[in-house]
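Let me begin by presenting the structure, written as structure tokens, before commenting on it.
So this is what it looks like as structure tokens:
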């Protein structure tokens, strides 16, 4: 095995780092493999063994701008986003692949920071990053760095219906684990270099431990989905579409942190449509609510959990919110983008 | 289910197609899911069932320039490259995910062509594309389209050593399934708009059927690797590094098509370092060569297969080529890139 330390590495990524030759090998060995705990030889495919069963499989590309933001960075996001997708499907996340597209000239120091974030989050979530790829494109042909992570996990027994909402029934309650909108507002603030009186941090976090507590609570969970691009309102619309049932939420119950609410009012954003990276919607039978709330509130990521509404069973596939002023409004599927490159 | 046909879709991809909202749903439904045979509901994770065993898992990002080239396009490449990585690991490829990063303004017509290529190659290779993601970045923030595919397959019984070269022994023979360098030269030609007397096509192809014939031939295969970035010489160096053994190849035996050889001589390229997308190195015991050659030559992708050298067992980890003129030269690991964005 070579032993080249990072001091000897270039300060900036060059096209040669993507050539598949000696420099690619050095990059993989020195930056990624050492942090991700990958063993040589590096082969075309990683191999893992499973005892059999249902495997959840999910992929996401992360193109967030800026790549470092209050509360996280693109590496943390790339791991959390993908393990969260597995967790909400009722799976125990086990393995990740990560593929990097890097712009020529990208600072090696930043790549190291990003890799360290990934390694840290992977460890927290109990997953191993076992396969990867690195491509380098010419200056100006991508925006610094894009990361695609793909995850595999084993679906927990009795949980294969959770992602597809097959078990949702009229009267089921909707619960979220905390305030919405923080990720979007943190990114917007970082991008526009806004200064807030109270800093808004992205809620980017791995929900694996929290969801595990929910799934071992003894309550039958009928649906889960993380509230990413498009926010809570989009997930509610998708749920209504999937089940063919109406949904009612109470805006008074949906937690929104003060600085987020303030900025939304000022800039005309609706927090229900803003992206989150550490929030999950959980649908459970009414009689399971107290156990689920207790499970959520026992976790730092669920302290501000709230029951926000219910499945009405009306066959109108409509999502209706009781507003703060006592009226109602329809939460439609949005057709535009409030903020591009939010994840 | 909505039924919106492509006539109603925008002609160009907009940022809203990446918003996670209504237009993302339309894009996924109308362009990807319909061609990939994905069923609604589209959930965060796809689920597949396995009986248990060793799973091969591999990922690659494709950033090739140009995206349409003689012999293929980025979609064909993204499927073939990943299924080939699984096949050379001794796996039966089963499932793929595909994640798209698309530049605002990208023609929908081109996205359809690319999706059709992907669907066609997936069918040929016997894999299903079951999970995906779409991100759209602003004009100028990526170069048209990047695709990341991740694949999973079941390792065939008795084949888990193939990717790691654990079974390679001195005296083993090296076989390749046909001429090298065509992919690189085709891409270079397309990029520089060179005109050749005889057109050079990329060899981009799924090797799944070919490799299947090799693996059911009854011969114990000790190693396989596809000859992509860095070409044959790089794979030979990696094999020498992995096994700690020397390798000798005979340049006279390594097939190179005439137009490729001509262009290499003119431009000073070494075909042994050029990328391929439909070539595989197979290492087998000497007494298995005739069966393997018969299996290869029975397939259209193996008609020009040749035995090109052997494992010497010298402990010098050196790759030596007998040259056309009767001398020898060392094939070292290259440290530069002959052509960026070749895959």
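Protein chains in written order, with our numbering: chain A, 1 to 343; chain B, 1001 to 1343.
For each residue, glycine too, the CB sits at the ideal point set by N, CA and C.
Computed from a predicted model, the values in this text were never measured in an experiment.
Cα separation between residue 1342 of chain B and residue 1148 of chain B?
Here residue 1342 of chain B refers to the residue found at position 342 of the second chain. Here residue 1148 of chain B refers to the residue found at position 148 of the second chain. Counting only the Cα atoms, residue 1148 of chain B lies some 15 Å from residue 1342 of chain B.
For residue 1185 of chain B and residue 1257 of chain B, I'd like the C-alpha separation in whole angstroms.
Along the second chain, one-based indexing puts residue 1185 of chain B at 185. Along the second chain, one-based indexing puts residue 1257 of chain B at 257. In a straight line, the C-alpha of residue 1185 of chain B is about 11 Å away from that of residue 1257 of chain B.
CB of residue 1013 of chain B within 8 Å of CB of residue 1075 of chain B, strictly
On the second chain, residue 1013 of chain B is found 13 positions in, with the first residue counted as 1. On the second chain, residue 1075 of chain B is found 75 positions in, with the first residue counted as 1. The answer is no: Cβ separation not under 8 Å.
Return helix, strand or coil for residue 224 of chain A, following the three-state DSSP convention.
Taking the first residue of the first chain as position 1, residue 224 of chain A is located at position 224. Strand.
Paired residues, beta bridge with residue 320 of chain A - DSSP
Working through the first chain from its first residue, we reach residue 320 of chain A at position 320. DSSP lists A/248 and A/330 as partners of residue 320 of chain A.
Roughly how many angstroms lie between the CA atoms of residue 1196 of chain B and residue 1109 of chain B, to the nearest whole one?
One-based indexing of the second chain puts residue 1196 of chain B at position 196. One-based indexing of the second chain puts residue 1109 of chain B at position 109. For residue 1196 of chain B and residue 1109 of chain B, the distance between alpha carbons rounds to 29 Å.
Residues of the segment 1130-1144 of chain B with Cβ closer than 9 Å to any Cβ of chain A, in chain order
1130, 1131, 1132, 1133, 1134, 1135, 1136, 1137, 1138, 1140, 1141, 1142 and 1143
Please classify residue 1338 of chain B: is it buried, with 16 or more other beta-carbons within 10 angstroms of its beta-carbon, or exposed?
Translated into positions along the second chain, residue 1338 of chain B becomes position 338. So residue 1338 of chain B counts as buried.
Keeping to the same chain, check which residues put their C-beta closer than 6 Å to that of residue 312 of chain A; ignore five residues upstream and five downstream.
What you label residue 312 of chain A is simply residue 312 of the first chain in a count that begins at 1. Excluding positions up to five away in sequence, the list reads 246 and 248.
Determine which residues share a DSSP beta bridge with residue 192 of chain A and list them.
Counting from 1 along the first chain, the entry for residue 192 of chain A is found at position 192. None, per the DSSP bridge assignment.
Counting C-beta neighbours from all protein chains within 10 Å, is the total for residue 1267 of chain B 16 or more, i.e. buried, or is it exposed?
Start at 1 with the first residue of the second chain, and residue 1267 of chain B comes out as number 267. It is exposed - the Cβ of residue 1267 of chain B has fewer than 16 other Cβ atoms within 10 Å.
Chain B contact residues for residue 12 of chain A, given Cβ-Cβ distances below 8 Å:
Here residue 12 of chain A is taken as the residue at index 12 of the first chain, counted from 1. The premise fails here: residue 12 of chain A is roughly 15 Å from chain B at the closest Cβ pair, so nothing lies under 8 Å.
Environment of residue 286 of chain A [buried if 16+ CB atoms lie within 10 Å]
Looking up residue 286 of chain A in the first chain gives position 286. The Cβ neighbour count for residue 286 of chain A, taken over all protein chains shown within 10 Å, is under 16; the residue is labelled exposed.
What number of angstroms, rounded off, separates the C-alpha of residue 122 of chain A from the C-alpha of residue 79 of chain A?
For the purposes of this step, residue 122 of chain A is taken as the residue at position 122 of the first chain. For the purposes of this step, residue 79 of chain A is taken as the residue at position 79 of the first chain. Spanning the alpha carbons of residue 122 of chain A and residue 79 of chain A requires a straight line of approximately 6 Å.
Which full runs of the alpha helix (DSSP H) of 4+ residues lie inside the segment 145-207 of chain A, going along the chain?
182-192
Between the segment 1009-1034 of chain B and chain A, which residues of the former have CB atoms less than 7 Å from a CB of the latter, in chain order?
Taking 7 Å as the Cβ-Cβ cut-off, the segment 1009-1034 of chain B approaches chain A at 1015, 1016, 1018, 1019, 1020, 1021, 1022 and 1023, given in chain order.
Are at least three pairs of beta-carbons, each pair with one atom in the segment 1128-1138 of chain B and one in the segment 1025-1045 of chain B, less than 8 Å apart?
yes
8 Å Cβ cutoff, residue 57 of chain A in contact with chain B:
The count along the first chain starts at 1 and reaches residue 57 of chain A at position 57. Yes, residue 57 of chain A lies at the interface with chain B (some Cβ there is under 8 Å from its Cβ).
Residue 1341 of chain B by DSSP, collapsed to three states: which one?
The residue you call residue 1341 of chain B lines up with position 341 of the second chain. Three-state DSSP puts residue 1341 of chain B in coil, outside helix and strand.
Taking Cβ-Cβ distances below 7 Å as the criterion, which residues of the segment 144-163 of chain A are in contact with chain B?
146, 148, 150, 152, 155, 160 and 163
Count the other C-beta atoms from every protein chain shown that fall within 10 angstroms of the C-beta of residue 265 of chain A, then say buried if there are 16 or more, exposed otherwise.
Taking the first chain and counting its residues from 1, the one referred to as residue 265 of chain A is at position 265. Exposed is the call here.
At the 8 Å Cβ level, is residue 1333 of chain B part of the contact set with chain A, yes or no?
The residue labelled residue 1333 of chain B in the question sits at position 333 within the second chain. Answer yes: the Cβ-Cβ gap between residue 1333 of chain B and chain A drops below 8 Å somewhere.
Return the CA-CA distance between residue 1253 of chain B and residue 1091 of chain B, expressed in angstroms with no decimal places.
For this step, residue 1253 of chain B is matched to residue 253 along the second chain. For this step, residue 1091 of chain B is matched to residue 91 along the second chain. Their backbone Cα atoms lie some 29 Å apart in a straight line.
Residue 56 of chain A and residue 155 of chain A - do their beta-carbons sit closer together than 8 Å?
Residue 155 of chain A sits at position 155 when you count from the first residue of the first chain. Residue 56 of chain A sits at position 56 when you count from the first residue of the first chain. Going by beta carbons, residue 155 of chain A and residue 56 of chain A fall inside the 8 Å limit.
To the nearest angstrom, report how far apart residue 1315 of chain B and residue 1299 of chain B are at their CA atoms.
Mapped onto the second chain, residue 1315 of chain B falls at position 315. Mapped onto the second chain, residue 1299 of chain B falls at position 299. For residue 1315 of chain B and residue 1299 of chain B, the distance between alpha carbons rounds to 36 Å.
Leaving aside the five residues before and after residue 237 of chain A along the sequence, list all residues of the same chain whose C-beta is less than 8 Å from its C-beta, in chain order.
Position 237 of the first chain, counted from the start, is the residue given in the question as residue 237 of chain A. Closer than 8 Å at Cβ, skipping near neighbours: 319, 331, 332 and 333.
Given this structure, state the Cα-to-Cα distance separating residue 1073 of chain B from residue 261 of chain A, to the nearest angstrom.
Here residue 1073 of chain B refers to the residue found at position 73 of the second chain. Here residue 261 of chain A refers to the residue found at position 261 of the first chain. Distance between the alpha carbons of residue 1073 of chain B and residue 261 of chain A is about 47 Å.
Look at residue 1242 of chain B and residue 1321 of chain B and say whether their C-beta atoms are less than 8 Å apart.
Here residue 1242 of chain B corresponds to residue number 242 of the second chain, with the count starting at 1. Here residue 1321 of chain B corresponds to residue number 321 of the second chain, with the count starting at 1. The answer is no: Cβ separation not under 8 Å.
In or out: residue 27 of chain A buried (at least 16 other Cβ within 10 Å) or exposed?
In the first chain, the residue the question calls residue 27 of chain A occupies position 27. Under this definition residue 27 of chain A is a buried residue.
Going residue by residue through the segment 256-313 of chain A, where are the continuous alpha helix (DSSP H) segments of at least 4 residues, counting only ones entirely within it?
258-267 and 289-297
Would you call the segment 1273-1287 of chain B and the segment 1220-1235 of chain B in contact, with 3 or more CB pairs under 8 Å?
yes
Sequence-distant residues of its chain with Cβ nearer than 6 Å to residue 89 of chain A (five each side left out)
As a first step, residue 89 of chain A is located in the first chain; it is residue number 89 there, counting from the start. Once the five neighbours on either side are set aside, the close Cβ partners of residue 89 of chain A are 56 and 163.
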